[in-house]
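Q: Residue numbers (UniProt numbering): 1 to 238.
Even glycine gets a Cβ: it sits at the ideal position worked out from N, Cα and C.
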Amino acid sequence: MNGTRTHASGTQSAHEAALRADIVHTACEMERLGVNQGTSGNVSARCGAGLLITPSGVPANALSPDALVWLPFDVEADAPVFAQPHRPSTEWRFHRDILRARSEIGAVVHTHSNAATAIAIHGRDIPAHHYMVAAAGGNSIRCAPYATFGSQALSDYALEALKDRTACLLAHHGVIALGRDLAQALWLANEVEVLAKQYLLASQLGPPPVLSDEAIAEVVRKFSNYGLRRASGDGDGT
C-alpha cells in the first residue's frame with residue numbers, strides 16, 4: 001500500500017488533490033484558532049475506500065499535501081505504510097474506526113485545546129449549561145475514559161462516547177469533533193473549546209444551572225432543520 005496515492009494508476013484524482021489541500025488548511029487553521037499547537041492533534045477525511053490523515057510528528061506549519069497518508073478502512077498496524085518516512089498519526093485507529101462506523105461523517109478533527117482538556121483532566125462531561133451544547137447532538141459532551149494514546153482501547157472508548165454525538169472529550173487528553181466535512185468538524189472543535197471556556201467561567205460562581213433534556217431536545221430538533229450550515233458563527237446566525 002502506498003500512503004501517498006489512492007489509485008492503482010499512481011495518480012491522484014482532482015477530488016483527492018483538493019481534499020489534501022483542505023486537510024492542510026484545516027491543520028493550519030487549528031493552530032491559528034489556538035486549539036492546537038506544535039505537533040499535537042490530527043485531522044482526517046474520508047477518501048474513497050479509506051481515509052486521508054495527517055502524518056505523525058509534523059507540525060502544521062511544515063505540513064504539505066504530499067505528506068498526508070492514505071489508509072484503507074481495513075488497515076492494521078502491521079501494514080507497510082507504517083514503515084514509510086511519513087507514517088500516519090499515532091491516533092489513526094480512532095480516525096479509522098469513526099469513519100468506518102459512521103457513514104454520515106466525512107471528517108474527524110482531534111485537538112488538545114486548553115479549556116476542554118482542563119475539563120477532560122477531571123474526567124467530566126460538559127453539561128448543557130448553554131444551548132449550543134446541542135450542536136454536538138445531545139444534552140452533554142461526554143468524556144471518554146482514559147486510555148493510552150494510539151491504543152485500540154482509546155478508540156473503543158471514543159466510539160462509545162460518540163454514540164448519538166458528534167463531539168466528545170478524552171480524559172487526560174483532548175477533544176474529538178466530527179463533521180460531514182472538514183469545515184464543519186473544525187467549526188465544532190472550536191465551538192467545544194468556546195463552550196468549555198464558558199463552563200469554566202460559570203463554574204467560578206458555583207455549579208452552573210443546566211438546561212432540561214426537553215429544552216435541549218428542542219434545540220437539537222431545530223438544529224436538524226437549520227443544519228448548522230454555517231461553518232462559522234453560532235446556531236442563531238442567519
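Using only the alpha-carbon positions, how far apart do residue 240 and F94 sit?
A: This structure does not reach residue 240, given that the chain is present from 1 up to 238, and the question cannot be answered.
Q: What do you reckon, is the C-beta of L68 under 7 Å from a heavy atom of the ligand ATP?
A: Ligands in the displayed structure: none, and consequently the ligand ATP is not present.
Q: Count the C-beta pairs between the segment 47-65 and the segment 114-121 that are closer than 8 Å, then say yes if the count reaches three, no if not.
A: Touching, no.
Q: Once you ignore the five residues that flank V172 on each side, which residues in its own chain have a CB closer than 7 Å to its CB?
A: Within the sequence shown, residue 172 is the residue found at index 172, counting from 1. A small fix is needed here, since residue 172 is His in this sequence, not Val. Same-chain partners within the cutoff: A120, I121, Y146.
Q: Name the residue from D97, S13, W70, P127 whose alpha carbon lies nearest to the alpha carbon of I141.
A: The residue labelled residue 141 in the question sits at position 141 within the sequence shown. Here the closest residue by C-alpha is P127.
Q: DSSP three-state call for A139: helix, strand or coil?
A: One-based indexing of the sequence shown puts residue 139 at position 139. Note on residue identity: the sequence assigns Asn, not Ala, to residue 139. Here N139 sits in coil by DSSP.
Q: Go through its chain and collect everything with a Cβ distance to F73's Cβ below 8 Å, but skip five positions before and after it.
A: Here residue 73 corresponds to residue number 73 of the sequence shown, with the count starting at 1. Only A49, G50, L51, R96, L99, R100 meet the Cβ criterion.
Q: Would you mind giving the Cβ-Cβ distance between N139 and E91, rounded to the nearest angstrom? I have them listed as a contact below 8 Å.
A: Position 139 of the sequence shown, counting from 1, holds the residue named residue 139. Position 91 of the sequence shown, counting from 1, holds the residue named residue 91. Not confirmed; about 27 Å, so no contact.
Q: In the structure shown, what three-state DSSP assignment does R46 receive?
A: Walking along the sequence shown from the start, residue 46 turns up at place 46. Note: R46 maps to strand in three-state DSSP.
Q: Closest by CA to A45, which one among P207, L178, S203, K197?
A: Residue numbering aside, residue 45 sits at position 45 when the sequence shown is read from its first letter. It is L178 whose Cα lies nearest to the Cα of A45.
Q: Quick check on this structure: which residue in L195, A134, T39 has the alpha carbon closest to the alpha carbon of S89?
A: Position 89 of the sequence shown, counted from the first residue, corresponds to residue 89. Nearest option by C-alpha distance: T39.
Q: Assuming D22 and L188 form a contact by the criterion Cβ under 8 Å, report the distance between their Cβ atoms to the nearest whole angstrom.
A: In the sequence shown, counting from the first residue as 1, residue 22 sits at position 22. In the sequence shown, counting from the first residue as 1, residue 188 sits at position 188. About 16 Å; that fails the 8 Å criterion.
Q: Would DSSP call I105 helix, strand or coil?
A: Within the sequence shown, residue 105 is the residue found at index 105, counting from 1. Of the three classes helix, strand and coil, the one that applies to I105 here is coil, per DSSP.
Q: Under 8 Å between the Cβ atoms of V133 and I216?
A: Here residue 133 refers to the residue found at position 133 of the sequence shown. Here residue 216 refers to the residue found at position 216 of the sequence shown. A contact, by the Cβ cut-off of 8 Å.
Q: Take Q198 and list the residues in its own chain whose beta-carbon comes closer than 8 Å to its own, dropping the five residues that flank it on each side.
A: By one-based count along the sequence shown, residue 198 stands at place 198. Once the five neighbours on either side are set aside, the close Cβ partners of Q198 are H129, H130.
Q: Between the Cα of L195 and the Cα atoms of A153, V24, D164, S113, which residue gives the shortest distance?
A: Position 195 of the sequence shown, counting from 1, holds the residue named residue 195. The shortest Cα separation from L195 among A153, V24, D164, S113 belongs to S113.
Q: At 3 residues or longer, and completely inside the segment 137-201: list those beta strand (DSSP E) runs for me, N to C.
A: Listed in chain order, they are 167-170, 174-179.
Q: Which residue from E191, E214, Q152, V69 puts its Cα closest to that of T166?
A: To locate residue 166, count along the sequence shown from 1; it is residue 166. Measuring from the Cα of T166, the nearest candidate turns out to be E191.
Q: Between which two residues does the alpha helix (DSSP H) harbouring L33 extend?
A: For the purposes of this step, residue 33 is taken as the residue at position 33 of the sequence shown. Taken as a continuous stretch (DSSP letters only), the alpha helix (DSSP H) holding L33 covers 14-33.
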